[in-house]
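Scroll down for the structure; my scribbles are underneath it.
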Amino acid sequence: MAENENSSRRKRRNFHRGGGRGRGGYRQGGHRGGYHDKPFHKRPGMQHYHNQKRTKFEVTQRLKEVDIGVTEFVGTHERINGIVKERFNDFHVHEINNDGERSQLTSQEIPAPPENTLDMNELKKNLPQDTLAKIESLSKADANIKSVEIDVTDMDKEQRKMLHSIGKTIPSIVSQTIEKNEKKLLVLAHSKKTDKFYKFDRPEWSYPGNFCHFVLHKVNMDTMDALNLLGMHLRLKPNSFTYAGTKDRRARTTQWICLRRVHPSSILEAGKRVRGAFVGNFKFAEEPLRLGQLKGNHFTIALRNVTATDAEIDTALTSLRDNGFVNYYGLQRFGTVATVPTHKIGKALLQGEWNTAIDLILQPRSGEFPDMAEAREIYAKTKDAKAALSKIQRQDKIEAKLLKGIVNSGPTNPHGALDALPRNVRTMYIHAYQSFVWNHLVSKRLKELGNKPIVGDLVYEKRDTADSTEVAETGEDSAEQGEEKEKDKIRKEAESTEPVEAPEDGPAGAVQNEPNVEKMEVVEKKAEKSEDEPIEKDYYPVPPVKMLTEEDLDSYTLADIVMPQPGWRVTYPSYAKEWYEEFLAKDGLTTDLRQKNQKYSLGGQYRKVLQLPENVSWRIVHYNDIQADLVLADIDKMRHHELPKDVPEGKYKALILEMTLSSSTYATMALREILKHDTAADTQAAQSAAHHAQDEKDKQLEAEEKAKLNGDEEVKPPSEEEANGDESVADEANDKMEIVEETVAEPADTHADSDKN
Numbered sequence: 001m002a003e004n005e006n007s008s009r010r011k012r013r014n015f016h017r018g019g020g021r022g023r024g025g026y027r028q029g030g031h032r033g034g035y036h037d038k039p040f041h042k043r044p045g046m047q048h049y050h051n052q053k054r055t056k057f058e059v060t061q062r063l064k065e066v067d068i069g070v071t072e073f074v075g076t077h078e079r080i081n082g083i084v085k086e087r088f089n090d091f092h093v094h095e096i097n098n099d100g101e102r103s104q105l106t107s108q109e110i111p112a113p114p115e116n117t118l119d120m121n122e123l124k125k126n127l128p129q130d131t132l133a134k135i136e137s138l139s140k141a142d143a144n145i146k147s148v149e150i151d152v153t154d155m156d157k158e159q160r161k162m163l164h165s166i167g168k169t170i171p172s173i174v175s176q177t178i179e180k181n182e183k184k185l186l187v188l189a190h191s192k193k194t195d196k197f198y199k200f201d202r203p204e205w206s207y208p209g210n211f212c213h214f215v216l217h218k219v220n221m222d223t224m225d226a227l228n229l230l231g232m233h234l235r236l237k238p239n240s241f242t243y244a245g246t247k248d249r250r251a252r253t254t255q256w257i258c259l260r261r262v263h264p265s266s267i268l269e270a271g272k273r274v275r276g277a278f279v280g281n282f283k284f285a286e287e288p289l290r291l292g293q294l295k296g297n298h299f300t301i302a303l304r305n306v307t308a309t310d311a312e313i314d315t316a317l318t319s320l321r322d323n324g325f326v327n328y329y330g331l332q333r334f335g336t337v338a339t340v341p342t343h344k345i346g347k348a349l350l351q352g353e354w355n356t357a358i359d360l361i362l363q364p365r366s367g368e369f370p371d372m373a374e375a376r377e378i379y380a381k382t383k384d385a386k387a388a389l390s391k392i393q394r395q396d397k398i399e400a401k402l403l404k405g406i407v408n409s410g411p412t413n414p415h416g417a418l419d420a421l422p423r424n425v426r427t428m429y430i431h432a433y434q435s436f437v438w439n440h441l442v443s444k445r446l447k448e449l450g451n452k453p454i455v456g457d458l459v460y461e462k463r464d465t466a467d468s469t470e471v472a473e474t475g476e477d478s479a480e481q482g483e484e485k486e487k488d489k490i491r492k493e494a495e496s497t498e499p500v501e502a503p504e505d506g507p508a509g510a511v512q513n514e515p516n517v518e519k520m521e522v523v524e525k526k527a528e529k530s531e532d533e534p535i536e537k538d539y540y541p542v543p544p545v546k547m548l549t550e551e552d553l554d555s556y557t558l559a560d561i562v563m564p565q566p567g568w569r570v571t572y573p574s575y576a577k578e579w580y581e582e583f584l585a586k587d588g589l590t591t592d593l594r595q596k597n598q599k600y601s602l603g604g605q606y607r608k609v610l611q612l613p614e615n616v617s618w619r620i621v622h623y624n625d626i627q628a629d630l631v632l633a634d635i636d637k638m639r640h641h642e643l644p645k646d647v648p649e650g651k652y653k654a655l656i657l658e659m660t661l662s663s664s665t666y667a668t669m670a671l672r673e674i675l676k677h678d679t680a681a682d683t684q685a686a687q688s689a690a691h692h693a694q695d696e697k698d699k700q701l702e703a704e705e706k707a708k709l710n711g712d713e714e715v716k717p718p719s720e721e722e723a724n725g726d727e728s729v730a731d732e733a734n735d736k737m738e739i740v741e742e743t744v745a746e747p748a749d750t751h752a753d754s755d756k757n
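If you read the sequence shown in UniProt numbering, its first letter stands for residue 1, the second for the next number, and so on.
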């Protein structure tokens with residue numbers, strides 16, 4: 001009994017030290033996926049808060065389009081009433097790569113690896129005998145050799161590939177190239193796949209190319225949440241995944257994802273464990289996916305409860321197809337709360353008002369979980385960063401990072417505290433201010449000078465030049481990317497800044513898991529970004545532009561015109577330079593935006609005033625059930641579900657729109673052009689609430705009429721649970737906001753507060 005108790009104590013002690021059997025401990029390297037055991041990674045228990053109702057947003061606290069300079073339209077058609085994104089099944093997004101290929105989930109079959117056609121005898125002829133002897137010693141069953149090192153410093157890449165190919169012919173052998181004592185060594189070692197923390201077997205890599213590309217179809221979750229969950233089941237860090245762009249949460253989206261040397265069967269098994277995520281269409285390549293490597297996105301959108309006539313709908317959609325829409329930055333760019341929009345924080349950073357920027361980020365606001373609300377309140381009243389930080393449940397939040405920066409840098413060094421924020425967070429803020437300026441001045445250009453090119457307008461010198469604004473930096477896609485999603489993406493990236501030990505030539509994680517193999521140093525390491533580097537570097541390309549003359553006007557349309565985002569590297573239209581100067585002067589800034597602190601210098605970029613969607617098509621369907629799906633998702637098609645049928649005599653009308661947009665475009669701005677009204681969440685929620693209320697009222701009247709005909713007693717109104725239907729409908733009901741007053745047309749005074757404190 002005493003021996004058992006001592007054994008239990010040792011196990012507990014080893015566990016807390018991170019040295020227990022099979023665990024290793026994340027601080028010492030540990031098992032693959034030890035990252036996911038870290039306390040900061042896991043979301044703390046929030047059941048207590050989930051059982052409480054969050055404070056409802058009020059209309060007066062939310063941004064409206066007019067607040068961010070979005071005021072003009074291209075088309076002259078009449079306004080159309082319709083509800084955007086009433087259900088996440090109403091919004092479908094398919095990524096389009098640079099080759100024009102649309103991502104679609106059509107198969108979940110595991111590709112068969114190619115047959116090995118290597119002539120091993122021929123390979124061995126080209127290698128030294130002592131090298132072959134070392135490799136063959138590993139294959140002997142009675143040999144007590146755990147690993148061998150082969151000097152490959154003077155070998156070329158093809159010779160190293162030969163060694164790897166020969167090593168693969170020996171069962172349970174893995175290989176890795178390392179650097180040791182200024183030499184490049186190839187290490188071959190026995191692989192023991194007995195680690196109990198492996199979720200499933202990891203088959204040896206036998207596919208062409210080092211990277212597995214696959215399609216991810218996800219439902220009602222954003223890209224980073226889906227990848228984080230897949231990574232947990234694969235025992236991979238979030239930054240193991242690469243992708244071309246992130247996609248919205250409240251939608252059904254399909255995109256390409258990439259992993260290095262992870263077997264499709266493992267990815268498929270992980271996908272089965274993540275609710276709302278489906279993977280498939282595996283293929284292999286020599287290169288990974290990189291942020292910004294997409295041409296655009298194809299949208300299939302259902303607008304519900306459309307009240308316009310079919311002729312009015314056709315007129316509006318024809319205008320969208322032929323004339324396009326104003327290429328505004330959407331509301332998602334600026335956050336959700338009118339009192340603290342992201343561009344306001346960016347303005348403070350550009351002004352060098354560090355304390356103001358900190359106060360804005362940490363300012364109390366409505367609609368948050370109690371822990372964050374309490375932390376904000378404490379800091380606002382006491383400026384005690386340590387006390388405020390202690391209240392935040394999730395230390396990976398941006399606010400927590402900033403409070404840590406204040407604690408570490410001290411209250412007199414606000415600039416140093418802001419450096420604790422991930423680089424992309426600061427980038428997001430100051431680019432939001434650029435977007436704010438761009439929206440307002442494009443509206444001024446259209447309102448005062450009309451919808452035709454004029455002398456002094458700017459166009460790209462090369463007509464086929466695409467807007468390059470921030471695609472490579474933020475991965476912004478044409479699906480809706482709100483502030484919270486961007487914050488979440490940045491949080492995950494910031495968490496994964498620890499060095500990742502990925503083998504140069506062998507399966508990821510194969511050698512690191514072996515307890516008897518010495519930890520290896522990887523040859524290739526990513527260069528770290530200096531925090532002193534500017535947000536925008538001189539070598540970011542700014543496409544050349546030309547200024548139109550009288551002779552050019554007949555050769556161009558409004559769709560060719562570009563307007564600059566302010567900065568020191570861009571040219572301004574001859575008529576608009578004064579506009580930019582006046583607008584920025586109100587905020588104490590100039591068009592140069594070259595700051596003393598180069599971290600916040602902005603060179604600027606160009607953006608087309610108008611966007612013409614491609615592949616535009618539409619159809620009208622009628623329906624009775626307001627919860628009925630109107631569009632088939634990829635996974636529905638794989639399951640051979642039928643396309644929802646039109647109900648000619650249905651009570652309600654829906655517009656099913658399909659279009660392709662470039663990667664720097666907001667789909668909500670295209671919908672705004674069709675509808676001719678504000679696409680803000682409160683406006684849509686108000687319409688949705690009215691639609692549901694009217695539907696319930698109609699059902700009650702029908703039930704009462706039926707009861708009278710049958711001579712029954714008075715019918716009681718349905719309970720809330722009955723009205724909401726199944727659990728999925730109830731979940732969606734929780735997302736809807738309570739509307740306390742009608743949308744106000746007057747803009748919030750977001751520009752008048754430019755005076756320095």
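Glycine included, C-beta positions come from ideal geometry on N, C-alpha and C.
Assigned secondary structure, residue i (DSSP; H/G/I helix, E/B strand, else coil)
i      : result
LEU599 : Leu is not the amino acid found at residue 599; the sequence shown has Lys there. Helix.
ASN413 : coil
TYR379 : helix
VAL66  : helix
ALA576 : coil
MET563 : strand
VAL459 : strand
MET155 : coil
GLY711 : coil
ASN408 : helix
GLU399 : helix
ILE626 : coil
Start-to-end residues for the beta strand (DSSP E) that takes in residue i
i      : result
ILE656 : 652-662
ASP151 : 147-151
THR309 : From DSSP, THR309 is part of no beta strand (DSSP E); its letter is neither H nor E.
ALA285 : 277-285
ILE620 : 614-623
ALA189 : 183-190
THR557 : Where THR557 is concerned, there is no enclosing beta strand (DSSP E), given that its DSSP letter is neither H nor E.
Counted within 10 angstroms of its Cβ, other Cβ atoms place residue i as buried (16 or more) or exposed
i      : result
LYS161 : exposed
ASN439 : buried
LEU709 : exposed
LYS218 : buried
ILE406 : buried
GLN129 : exposed
THR76  : exposed
HIS640 : exposed
ARG445 : buried
THR668 : buried
ALA311 : exposed
LYS447 : exposed
Residue i - containing alpha helix (DSSP H), residue span
i      : result
GLY231 : 223-234
PHE436 : 423-449
LYS386 : 385-390
LYS347 : 342-351
TRP256 : Here TRP256 belongs to no alpha helix (DSSP H); instead the beta strand (DSSP E) covers 252-260.
Of the residues the options, the one placed nearest residue i, counting alpha carbons only
i      : options                        : result
VAL609 : GLN108, TYR329, ASP678         : TYR329
GLU551 : THR76, LEU612, PRO453, LYS637  : PRO453
LYS344 : PHE583, LEU360, ALA226         : LEU360
GLU399 : ALA388, ASN408, SER366         : ALA388
LYS85  : SER574, GLY271, VAL306, ILE68  : VAL306
ASP457 : LYS134, GLN700, VAL545, ILE301 : VAL545
LYS676 : LYS586, THR177, PRO114, PHE325 : PHE325
Are at least three pairs of beta-carbons, each pair with one atom in the stretch 331-348 and one in the stretch 685-694, less than 8 Å apart? no
At least three beta-carbon pairs within less than 8 Å, the stretch 343-355 to the stretch 413-431: yes
Tell me, please, whether the stretch 203-212 touches the stretch 277-289 by the rule of three or more beta-carbon pairs shorter than 8 Å. yes
Are there three or more Cβ pairs, one per stretch, closer than 8 Å when the stretch 222-230 is compared with the stretch 262-275? yes
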